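Okay, so the sequence shown: first residue is 1 according to UniProt numbering, each after it adds one.
Scroll down for the structure; my scribbles are underneath it.
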Amino acid sequence: MRGGICSIQLQPLTPEATTVVKQAVNLATTRGHAQVTPLHVASARLATSTGLLCKACRQCHSHPLQCNALELCFNIALNRLPASTSSPVLAPQYSTPSLSNALVATFKRAQGNQHRGFIENQQQHILALKIKVEQLVISILDDPSVSRVMREAGFSSSLVKTRVEQPVSMEVCSQKASSNRSHAKENISCPIMLFLVVVIMCLHHVDLLVKLLVAPSRSLI
Numbered sequence: 001m002r003g004g005i006c007s008i009q010l011q012p013l014t015p016e017a018t019t020v021v022k023q024a025v026n027l028a029t030t031r032g033h034a035q036v037t038p039l040h041v042a043s044a045r046l047a048t049s050t051g052l053l054c055k056a057c058r059q060c061h062s063h064p065l066q067c068n069a070l071e072l073c074f075n076i077a078l079n080r081l082p083a084s085t086s087s088p089v090l091a092p093q094y095s096t097p098s099l100s101n102a103l104v105a106t107f108k109r110a111q112g113n114q115h116r117g118f119i120e121n122q123q124q125h126i127l128a129l130k131i132k133v134e135q136l137v138i139s140i141l142d143d144p145s146v147s148r149v150m151r152e153a154g155f156s157s158s159l160v161k162t163r164v165e166q167p168v169s170m171e172v173c174s175q176k177a178s179s180n181r182s183h184a185k186e187n188i189s190c191p192i193m194l195f196l197v198v199v200i201m202c203l204h205h206v207d208l209l210v211k212l213l214v215a216p217s218r219s220l221i
C-alpha cells in the first residue's frame, strides 16, 4: 500500500485482518476521503455477506431489510465525512488516505483485548500476537461513531458484539482446557514416575533380603 499508510501500522494485524483494513482503505480512496476510519472498516465488513459482522447482525435481526437499513445508514455516515483536498484523479500518488486516530485506537484496543484473553502460561508469546479479524470487529463495535450508526439503524452495538464474542470465547475456553489437560498430564506423570522408582527400589531390597535368607539355609544343608 502506498501513500499515507505504511506497513509498520499494519504489522500488528494477521493477513486476514490486513485484508479487511485494505478493503476499508480502498473504500475511503474511492470516496475521496482523507482518512480511513472505523466507519470504513465496518462498512467494508457489512459488504461481505459471509463475514463475521454480517452474520452477527443477522442473528440480532433476521429480517433482511433491517440489515439493508444498516448498510444504508453506514453509507449516509460515510457521505458526511470530509473529502480529501487532493483529487484522486488529478493526484493519484497522494490519494491513499491515512489511518485516523480512532482507527489506530481501535487496533490498540483489539490488541489489548486479545492479550487479556490469552492463556496465562504463554505470556512470553504475547508480543508475537497479531490482531485477528474477530478482535478487530469487536473493537470496531466499541467505537462511538460505529455504535451511533448501529443505533440509528435499530441495532444494539453491544448485542452484536456479544454475538461476535461467542465463537471467540469458545476458542479461548478450548485453548484453556487443552492447556489444563497438558498440565494435568505433567502433574500426574511426576508422581507416577516417583512411585515406579520406589517400587523398583523396594523390589531390589526384597531380592537382597531373599538372598540373605536363602544363603544360611544352604550352608546348613
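Ideal Cβ positions, reconstructed from N, Cα and C, are used throughout, including at glycine.
These numbers come from a predicted model, not from an experiment.
Its chain contains Ala69, Leu70, Cys73 as the residues whose beta carbon lies nearer than 6 angstroms to that of Ala153, once the 5 sequence neighbours on both sides are disregarded; these appear in chain order.
Rounded to the nearest whole angstrom, the CA to CA distance from Leu52 to Glu165 is 10 angstroms. Excluding sequence positions up to five before and after Met150, its CB lies within less than 6 angstroms of the CB of Ser157, all in the same chain and listed in chain order.
Each of Leu103, Leu65, Cys54, Ala56 was checked against the Cα of Lys22, and the nearest Cα belongs to Leu103. Looking at the DSSP output, Gln35 shares a beta bridge with Ser98.
A contact between stretches requires three or more CB pairs, one per stretch, nearer than 8 angstroms, and the segment 40 to 58 meets this requirement with the segment 134 to 145. A buried status is given to Ala56, since no fewer than 16 other beta-carbon atoms sit within 10 Å of its beta-carbon.
Distance from Ala24 to Pro82 at the Cβ level is roughly 17 angstroms; contact not present, criterion being Cβ atoms closer than 8 angstroms.
For secondary structure counted as the alpha helix (DSSP H) over 4 or more consecutive residues, the segment 36 to 68 holds these complete runs in sequence order: 38 to 46, 52 to 60. Excluding sequence positions up to five before and after Asn113, its CB lies within less than 7 angstroms of the CB of Gln135, Ile138, Ser139, all in the same chain and listed in chain order. If the five residues before and after Glu16 are omitted, its C-beta is found closer than 8 angstroms to the C-beta atoms of Lys132, Val133, all from its own chain and listed in chain order.
Taking C-alpha positions only, Asn79 is separated from Thr30 by approximately 12 angstroms. Here the C-alpha atom of Thr96 lies approximately 16 angstroms from the C-alpha atom of Thr18. In terms of CA proximity to Val146, Thr37 leads the group Thr37, Leu99, Pro12, Leu65. With a 10 Å radius around the Cβ and a threshold of 16 neighbouring Cβ atoms, Gln11 comes out exposed.
Using a Cβ distance threshold of 8 angstroms, Leu13 and Lys130 count as a contacting pair. Assignment of Ala83 by DSSP, reduced to helix, strand and coil, places it in the strand class. Rounded to whole angstroms, the separation of the alpha carbons of Ser98 and Leu46 is 21 angstroms. Of the residues assessed, Leu65 falls on the exposed side of the cut-off, its CB having fewer than 16 other CB atoms within 10 angstroms. Nearest neighbour of Lys108 by Cα position, chosen from Ser62, Asp142, Cys67, His61, turns out to be Asp142. The Cβ neighbour count for Ser62, taken over all protein chains shown within 10 Å, is under 16; the residue is labelled exposed. Nearest neighbour of Ile76 by Cα position, chosen from Arg148, Val160, Leu159, turns out to be Arg148.
When secondary structure is reduced to three states using DSSP, Leu13 falls in the strand class.
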